[in-house]
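K.L.:
In the order they appear, the protein sequences are chains A and B. Taking numbering that gives the first Met the number 0, the leading residue of the first sequence gets 0, the next gets one more, and so forth. Taking numbering that gives the first Met the number 0, the leading residue of the second sequence gets 0, the next gets one more, and so forth.
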Amino acid sequence: MDKKKHLLAPGHTACAGCGLSMGARMVVDAAGPNTMIANCTGCLEVFTTRYPQSAWEVPWVHSLFENSSAVGSGIEAALKAMGRDQEIRVIAQGGDGGTADIGLQSLSGMFERGHDVLYICYDNEAYMNTGVQRSSQTPFATATSTSPFGKASYGNPTRKKNMAKIAVAHEIPYVATATVGFDMDLKNKVKKALSIRGPKYLHVLVPCPLGWKVESRLTIKIAKKAVNSGIFPLVEWENGKVTNVRKITPEPVTEYLKLQGRFKHLFADNDEARAHLASIQKFADENIETYGLKS
Amino acid sequence: MKKYIEGSMAVAEAVVLCKPNVISAYPITPQTHIVEDLSQMYANAEFKGQFVNVESEFSAASVCLGAVVTGARAYTATTSQGLLLMSEVLFNMAGMRLPLVLTCANRAISAPINIWTDHSDAMALRDSGFIQLYAENNQEAADLHYQAYKISEDDSVRLPVMVNMDGFLLTHSFEPVDMPTQQEVDDFLPSYKPRHYLDVKHPITFGSMVGEDGYMEVRYNLEEAMKNAFGVIEKVTKEFEQKFGRKFGIFIDTYKMEDAETVIVALGSVVGTIKESIDLMRANGIKVGLMKVRTFRPFPKQAIVDCLKNIKNVIVIDRASSVGSGGILATEIRSAFYGNTSVPKVNSYIVGLGGRDITIKTITDIVGNFANVKVQDSQFVELDHKYMQAGDEYLKTI
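#1: Of the choices 247(B), 24(B), 309(B) and 33(B), whose alpha-carbon is the least far from that of residue 291(B)?
#2: Near residue 119(B), what residues of its chain come up, given a Cβ to Cβ distance below 6 Å and the 5 sequence neighbours on each side ignored?
#3: Can you check whether the C-beta of residue 63(A) is within less than 8 Å of a C-beta belonging to chain B?
#4: Report the residue from 88(B), 115(B), 72(B) and 367(B) whose alpha carbon sits nearest the alpha carbon of residue 194(B).
#5: Taking 8 Å as the threshold, find out whether the stretch 82–99 of chain A comes into contact with the stretch 229–240 of chain B through three or more Cβ pairs.
#6: Could you name the residues of the same chain whose beta carbon sits closer than 7 Å to that of residue 130(A), not counting the 5 residues immediately before and after it, in chain order?
#7: Would DSSP call residue 332(B) helix, strand or coil?
#8: Please return the same chain residues whose Cβ sits closer than 8 Å to the Cβ of residue 363(B), not counting the five positions on each side in sequence.
#9: Mind listing the chain B neighbours of residue 87(A)? Cutoff is C-beta to C-beta under 7 Å, in chain order.
#10: How far does the beta strand (DSSP E) with residue 76(B) in it extend, from its first residue to its last?
#11: Can you give the beta carbon distance from residue 164(A) to residue 138(A), rounded, assuming they're within the 8 Å contact cut?
#12: Could you pull out every unbroken alpha helix (DSSP H) segment of at least 4 residues lying fully inside the stretch 239–291 of chain A, listed in chain order?
#13: Using the three-state DSSP reduction, which class does residue 175(B) fall into: helix, strand or coil?
#14: Who are the Cβ neighbours of residue 69(A) in its own chain at under 7 Å, not counting the five residues just before and after it?
#15: Within this structure, are the beta carbons of residue 308(A) and residue 22(A) separated by less than 8 Å?
#16: Give a yes or no on whether the minimum CB-CB distance between residue 104(A) and chain B is below 8 Å.
#17: Against chain B, with Cβ distances strictly below 8 Å, would residue 127(A) count as a contact?
#18: Quick one: measure Cβ to Cβ for residue 252(A) and residue 218(A), integer angstroms, because I've assumed they're closer than 8 Å.
#19: Residue 293(B): which of 161(B), 151(B) and 94(B) sits nearest, CA to CA?
#20: Taking the C-alpha atoms as reference points, what is the distance between residue 1(B) and residue 46(A)?
#21: To test your reading of the DSSP string, which unbroken beta strand (DSSP E) runs of 3 or more residues are found completely within the stretch 50–108 of chain B?
#22: Entirely within the stretch 122–147 of chain A and at least 4 residues each: give me those alpha helix (DSSP H) ranges in chain order.
#23: So, helix, strand or coil for residue 275(B), using DSSP?
#24: If you measure between the beta carbons of residue 141(B) and residue 176(B), is that distance less than 8 Å?
#25: Is the CB of residue 70(A) under 8 Å away from at least one CB in chain B?
#26: Have a look at the DSSP bridge pairing and note the partners of residue 320(B).
#27: Quick one: is residue 279(A) near chain B, going by C-beta distance under 8 Å?
#28: Would a check of beta-carbon distances place residue 60(A) closer than 8 Å to chain B?
#29: If we define contact as Cβ-Cβ less than 8 Å, is residue 50(A) a contact residue for chain B?
#30: Measure the C-alpha to C-alpha separation of residue 49(B) and residue 242(A) and round it to an integer number of angstroms.
#31: Could you say if the stretch 99–106 of chain B and the stretch 76–91 of chain B meet the contact criterion of at least three C-beta pairs nearer than 8 Å?
#32: Taking residue 112(A) as the query, report the chain B residues whose CB atoms sit under 9 Å from its CB, ordered along the chain.
#33: Per the contact definition of three or more C-beta pairs closer than 8 Å, is the stretch 329–341 of chain B in contact with the stretch 254–263 of chain B?
#34: Can you tell me where the beta strand (DSSP E) holding residue 290(B) begins and where it ends?
#35: Starting from residue 20(B), find everything on chain A with Cβ-Cβ shorter than 7 Å and list it in chain order.
#36: Here's a check: name, in chain order, each residue in its chain whose Cβ is nearer than 7 Å to the Cβ of residue 0(A), leaving out the five neighbours to either side.
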């Protein structure tokens, strides 16, 4: 293979600065050509496979919104049954909705049955494909189209569901968080995961300029700030134990939040806004403490 | 070799003889015996593929989808709520033109919850793009599976097939069933050679997004594939008859039609009861015959019109109802006659929902009263007024 050729080809229809398209390309490039992918419905499927074109240079299947992990399980079972499982790696992937909400049951089933599949969640923290509605991965106090800011609302009232910990609770051999902000780290985690047999889970934070209301040139910067503030820690769990974290010199969460229109209402000059910001800082501080993130 | 076995066991053995690479299923009454028997054959290394025990019917169907796109032959079985939970995947598989054989152990749909036989489940999936075949007895149920794979995998068809057998009435009853040898099945059913599958040497994309520019054409091709299934079903059924010496009709089958003035139309296990009723009525000089529908999708309009065009009275027995429209088989049979110069009097009877026995008396009463009723909307037969009067009070206890 031409070393410069990406396995997710350019020319697809993603928005400028789409973190998801960068993440998906990094993942498939790191996985290499002997990979088969099962994909959830969502932005990634829509912008890469508008018939009669496809941006995928590896075998790829999309079935439904909530079943990429079960389809991936079927691919793995078929490869095993036909004796082709040794040389081929299987990836199942989806967005935060397809993974943490509507597809959580089938993902749990894939983990529990021990399929040799790497699951990748591309988390852009809302239902971006349908117009920025909240998901269980939408952070606290985020304004989305179904959790807008208003007289009686400061945005999304709940915290992000901790998918990495849910994966760890399934006692699978490898779980990690990553982001497009640190590309080598992401690629290394994909390679490491694929070297391990059994179910693996990788949760990748991918900023969405449209949904996060940030300039499209800031995707990588904003992803780095999510990590450097402690709000999105980069952690690896092997056989249930934390084996690696990315150390940071913590920045205040406001450095991360203030660049994003979805948190604009938190910067009003009143006590309620300040209280919400303080809560978010507390979540970051808890992460810094829990995972020993301070360098 | 003839064996005296349970319907579920006959089907499980037939499925293993078809050598699927992947079986995935989720237990639901009355399909359970099929998957239990398959599990035991897997445990005994008699089934040598992969058996994937999943957390839901939705995932069972999805695992099968993943297996089929990888080039494998797959199998699943379900019923009722399980079929409904699978339905999103089943429409998807048909749209993606993926061959699969699914056994539906026909059962009523909730609410009220009821685990006994009727055809509400399969009928709800009639627009899914699945070929639908209905078994009259356990021999036919087993035999349909060998044929179903061959029909499903034919290159001009490439559509999933649902083999329907009445829950409990067939799945849990013992009958002598002639089981073929592995060699005989291998000679009839070659291994699956898909036109397209996931292959790292030739990467292709399955399930892409098709906009307004091509969606209609893809759906048109699906319709054409279903039409192609007529010829393939006929070819496969005849080949099966030649090899195994058994035939249960192609699209339809008939019984004592020669001089019949009245014909009863039905599908599923009730056909056996109807045949006995016909023998009794004929002994009393009533000229009555039977038309059994074996292939419901594709709907064999021509075969049905040819069979019934010179008949005076047609009684359609439906074990399901499209709420707000009535008997589903009856509606389609009436529609088949539109534009025909010779149209029989067709009346529609909803019977045997939720496992209610359909007895010889049920059938003879319908035939006996037929002359007294005009052409009318679907009638529910043998309603128990005790429950109807209880009305809302009864529902509250559910």
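Built from N, CA and C at the ideal position, the CB exists for glycine as well.
P.N.:
In short:
#1: Counting from one through the second sequence, the residue named residue 291(B) turns up at place 292. Residue 247(B) is the option with its Cα nearest to residue 291(B).
#2: For the purposes of this step, residue 119(B) is taken as the residue at position 120 of the second sequence. Answer for residue 119(B): 107, 108 and 319, listed in chain order.
#3: Here residue 63(A) corresponds to residue number 64 of the first sequence, with the count starting at 1. The beta carbon of residue 63(A) falls within 8 Å of a beta carbon belonging to chain B, placing the residue at that interface.
#4: Here residue 194(B) refers to the residue found at position 195 when the second sequence is read from its first residue. If you compare the alpha carbons of 88(B), 115(B), 72(B) and 367(B) with that of residue 194(B), the shortest gap goes to 72(B).
#5: No contact exists between the stretch 82–99 of chain A and the stretch 229–240 of chain B.
#6: As a working mapping, residue 130(A) is identified with position 131 in the first sequence. Only 144 meet the Cβ criterion.
#7: Taking the first residue of the second sequence as position 1, residue 332(B) is located at position 333. In the displayed model, residue 332(B) falls within a helix according to three-state DSSP.
#8: The sequence position of residue 363(B) within the second sequence is 364, counting from 1. Excluding residues within five positions, the ones whose Cβ falls inside 8 Å are 276, 279 and 280.
#9: Sequence index remark: in the first sequence, residue 87(A) carries index 88 (1-based). Neighbours of residue 87(A) on chain B, chain order: 199.
#10: Sequence index remark: in the second sequence, residue 76(B) carries index 77 (1-based). Start and end: 73–77.
#11: To locate residue 164(A), count along the first sequence from 1; it is residue 165. To locate residue 138(A), count along the first sequence from 1; it is residue 139. Actually they do not touch by this definition, with Cβ atoms about 16 Å apart.
#12: With a minimum length of 4 residues, the continuous alpha helix (DSSP H) runs that stay inside the stretch 239–291 of chain A are 252–256 and 270–290.
#13: Here residue 175(B) refers to the residue found at position 176 of the second sequence. In the structure shown, residue 175(B) sits in a strand (DSSP, three-state: E or B).
#14: Position 70 of the first sequence, counted from the first residue, corresponds to residue 69(A). Around residue 69(A): 105, 108 and 109.
#15: Because chain A is modelled from 0 through 294, residue 308(A) falls outside the range shown and cannot be assessed.
#16: For the purposes of this step, residue 104(A) is taken as residue 105 along the first sequence, with counting starting at 1. Taking Cβ atoms only, chain B reaches closer than 8 Å to residue 104(A), which makes this a yes.
#17: As a working note, residue 127(A) is residue 128 in the first sequence. Taking 8 Å as the CB threshold, residue 127(A) stays off the interface with chain B.
#18: Here the question's residue 252(A) lines up with position 253 in the first sequence. Here the question's residue 218(A) lines up with position 219 in the first sequence. Under the criterion of beta carbons closer than 8 Å, residue 252(A) and residue 218(A) do not qualify as touching, at roughly 18 Å.
#19: Stepping through the second sequence from its first residue, residue 293(B) is reached at position 294. Ranking the options by Cα distance to residue 293(B), first place goes to 161(B).
#20: On the second sequence, residue 1(B) is found 2 positions in, with the first residue counted as 1. On the first sequence, residue 46(A) is found 47 positions in, with the first residue counted as 1. CA-CA distance, residue 1(B) to residue 46(A), rounds to 56 Å.
#21: Within the stretch 50–108 of chain B, the complete beta strand (DSSP E) runs of at least 3 residues are 73–77 and 100–105.
#22: Counting only runs of 4 or more, we get nothing.
#23: Stepping through the second sequence from its first residue, residue 275(B) is reached at position 276. In this structure, residue 275(B) counts as helix in the three-state DSSP scheme.
#24: On the second sequence, residue 141(B) is found 142 positions in, with the first residue counted as 1. On the second sequence, residue 176(B) is found 177 positions in, with the first residue counted as 1. Result yes, Cβ atoms of residue 141(B) and residue 176(B) sit closer than 8 Å.
#25: As a first step, residue 70(A) must be located in the first sequence, where it is residue number 71. With 8 Å as the cut-off, residue 70(A) counts as an interface residue toward chain B.
#26: If you number the second sequence from 1, residue 320(B) lands on position 321. Note: residue 320(B) sits in a beta bridge opposite 326(B).
#27: Mapped onto the first sequence, residue 279(A) falls at position 280. By this cut-off, residue 279(A) is not an interface position.
#28: As a first step, residue 60(A) is located in the first sequence; it is residue number 61 there, counting from the start. Cβ-Cβ to chain B under 8 Å: yes for residue 60(A).
#29: Mapped onto the first sequence, residue 50(A) falls at position 51. Yes, contact with chain B.
#30: Walking along the second sequence from the start, residue 49(B) turns up at place 50. Walking along the first sequence from the start, residue 242(A) turns up at place 243. Our two residues, residue 49(B) and residue 242(A), have alpha carbons roughly 34 Å apart in a direct line.
#31: Judged by Cβ distances under 8 Å, the stretch 99–106 of chain B makes contact with the stretch 76–91 of chain B, as three or more pairs qualify.
#32: Here the question's residue 112(A) lines up with position 113 in the first sequence. Under a criterion of Cβ atoms nearer than 9 Å, the residues of chain B adjacent to residue 112(A) are, in order, 51, 52, 53 and 54.
#33: Touching, no, given that fewer than three Cβ pairs across the two stretches are closer than 8 Å.
#34: Position 291 of the second sequence, counted from the start, is the residue given in the question as residue 290(B). Element bounds for residue 290(B): 287–292.
#35: Sequence index remark: in the second sequence, residue 20(B) carries index 21 (1-based). Result: 77, 80 and 81.
#36: Mapped onto the first sequence, residue 0(A) falls at position 1. With a pLDDT of only 46 at residue 0(A), under 50, the local geometry of the prediction cannot be trusted, and no value is derived from it.
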